[in-house]
Amino acid sequence: METVFSGIQPTGELHLGNYLGAVRTWVTLQDQYRCFYCIVDYHAITQPYEPAQMPARARAMAIDLLACGIDPDRATLFIQSAVPEHTELAWVLSSVTPFGELGRMTQFKDKSEHHPDNVNAGIFNYPVLQTADILLYGATRVPVGEDQRQHLELAREIVRRFNARFGDTFVEPQPLFSTTPKILGLDGHAKMSKSLGNTIALAETEAAIWDKLRTAATDPARAKRSDPGTPEKCNIFTLHKFFSDADRQAAVHAGCTTAGIGCIDCKKMLFEGVKADLGRIAARAEALRADPARVDEILARGAAEARKVAASTMARVRERLGLRAAGA
Ligand code: TRP
């Protein structure tokens, strides 16, 4: 069985974009792969943050992931900082990572441009830590979005350089690009993201969710109720593909293109599906929040499983490097 690794930042809450774009895929991969899912707190510290809030952010993310269907009996769910080998391997890999390549990463350039006051070496080295995450578990498949393509290519380059210098040690990881349509934010323009405030958090109340859907952007060509629309150009129709069955999708499509229904009718139909799906997730999250010992136990077990694999990889790596050879 091939191994899958993926990571998610401890933003404190999962939103619709993470859920539809990534986590639903993670859930289905559990059947076909040995899966490691990691809450990457060491990546998160490259941005300004409040240390006192970090434990709660990581924990809330774990609860949301479990509520979405990550199953601790079929996947290893853990917090990155519980496994110190991540940072150890990152240092090792940084010695075979070309400086120029890191400087060419578009995510690094974007972050430096948008936050000129916070251009630290951690942001620069971010893709090296990400590579360490993957290689520690010998993962050959990494489910990622388009935005991570370049980082994964770099990971493959790092593997080639390491193997060439120290002998065959790692396998080049391959991306598993998602086939799900791109999820735009409620503004209908930018990618859905928490920092842009154009999303719905999974934990929001039904009233709050409806309020956001009600005012979300639709096909701009439907200025009036009597204007027919083009569902393919409407972000709400994209969401129907996730939350509505084939019959409802067909009804919405017909209603929109003939102006038989208005955007509000279409959104009400979407809301039915959203309520059912997110309601189920919210109920599971609620049950987990009421049982903190169970969450502790799951994360401790995940960390122990991860540590075992990570420790054996690092032992092999140190041997290749000629470090701690005398068992010191
Ligand atoms: N950088 C990724 C993100 O922000 C998260 C991540 C960290 C990751 N390590 C990873 C994803 C390893 C895939 C593989 O989305």
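Residue -6 is where the sequence shown starts when you use the working numbering, and the numbers rise one by one after that.
For glycine and all other residues, C-beta sits at the position ideal for the given N, C-alpha and C.
Going along the chain, which residues of its own chain have a beta-carbon closer than 7 angstroms to the beta-carbon of R282, five neighbours each way excluded? I56
Can you say whether P120 is buried or exposed, counting buried as having 16 or more other CB atoms within 10 angstroms of its CB? buried
Start and end residues, alpha helix (DSSP H) containing C61: Residues 47 to 61.
Could you pull out every unbroken beta strand (DSSP E) segment of at least 3 residues lying fully inside the segment 161 to 225, listed in chain order? 167 to 170
What distance in whole Å lies between the Cβ atoms of G14 and T324, which are believed to be in contact at a cut-off of 8 angstroms? Outside the displayed span of the chain (-6 to 321) sits residue 324, for which this structure offers no information.
My output table needs one value for V137: the three-state DSSP class, helix, strand or coil. strand
Supposed contact pair V135 and I127 - C-beta distance, whole angstroms, cut 8 angstroms: 6 angstroms
Flag D57 as yes when its Cβ comes closer than 6 angstroms to any non-hydrogen atom of the ligand TRP, and as no otherwise. no
Who does C256 pair with in a DSSP beta bridge? DSSP lists no bridge partner for C256.
Verify the contact flag: G0, CB atom, against every heavy atom of the ligand TRP, threshold strictly below 6 angstroms. yes
Element boundaries [beta strand (DSSP E), containing I1]: First-last of the beta strand (DSSP E) with I1: -4 to 1.
Return the CA-CA distance between P174 and A157, expressed in angstroms with no decimal places. 38 angstroms
Is DSSP giving A244 helix, strand or coil here? A244 falls in the helix class under three-state DSSP.
Taking only the alpha-carbon atoms, compute the straight-line gap between G1 and S219 and give it to the nearest angstrom. It is worth fixing the name first, because residue 1 is Ile in this sequence and not Gly. Taking the straight line from one Cα to the other gives about 43 angstroms.
Rounded to the nearest angstrom, how far is the Cβ of A83 from that of A125, given a contact under 8 angstroms? 4 angstroms
So, are the CB atoms of Q327 and H144 less than 7 angstroms apart? There is simply no residue 327 to check, as the chain begins at -6 and stops at 321 in what is shown.
Taking only heavy atoms of the ligand TRP into account, decide whether any of them is closer than 6 angstroms to the Cβ of H79. no
P91 versus T(-4) - alpha carbon distance: 27 angstroms
Excluding five sequence neighbours on each side, which residues of the same chain lie with their C-beta closer than 6 angstroms to the C-beta of R149? E165
For L70: DSSP bridge partner residues: Y30
Quick check on DSSP: helix, strand or coil for H79? helix
Report the three-state DSSP secondary structure of H8 (helix, strand or coil). strand
Looking at A247 and P221, is the spacing between their C-beta atoms short of 7 angstroms? no
Specify, as a first and last residue, the run of the alpha helix (DSSP H) that E290 falls within. 285 to 314
Below 8 angstroms on the Cβ atoms is my guess for Q23 versus A60; work out the distance and round it to an integer in Å. Their Cβ separation, rounded to whole angstroms, is 15 angstroms, which puts Q23 and A60 out of contact at 8 angstroms.
For the pair the segment 257 to 275 and the segment 39 to 54, tell me if three or more CB-CB distances fall below 8 angstroms. no
Can you give me the C-alpha to C-alpha distance between E298 and V76, rounded to a whole angstrom? Cα atoms of E298 and V76: separation of roughly 10 angstroms, rounded to the nearest angstrom.
Given 6 angstroms as the limit, tell me if A116 has its C-beta closer than that to any heavy atom belonging to the ligand TRP. The displayed chain sequence assigns Ile, not Ala, to residue 116. No, since every heavy atom of the ligand TRP falls outside the 6 angstroms radius drawn around the Cβ of I116.
Could you check the C-alpha separation between A243 and T211 for me, to the nearest Å? 17 angstroms
Does the ligand TRP have a heavy atom nearer than 6 angstroms to the CB of H36? yes
Distance cut-off 6 angstroms: I127 Cβ against heavy atoms of the ligand TRP: yes
Alpha carbon to alpha carbon, how far is D140 from R27? 24 angstroms
Is it true that the CB of F71 sits closer than 7 angstroms to the CB of A322? Nothing can be reported for residue 322: it is not among the residues displayed for the chain, which extend from -6 to 321.
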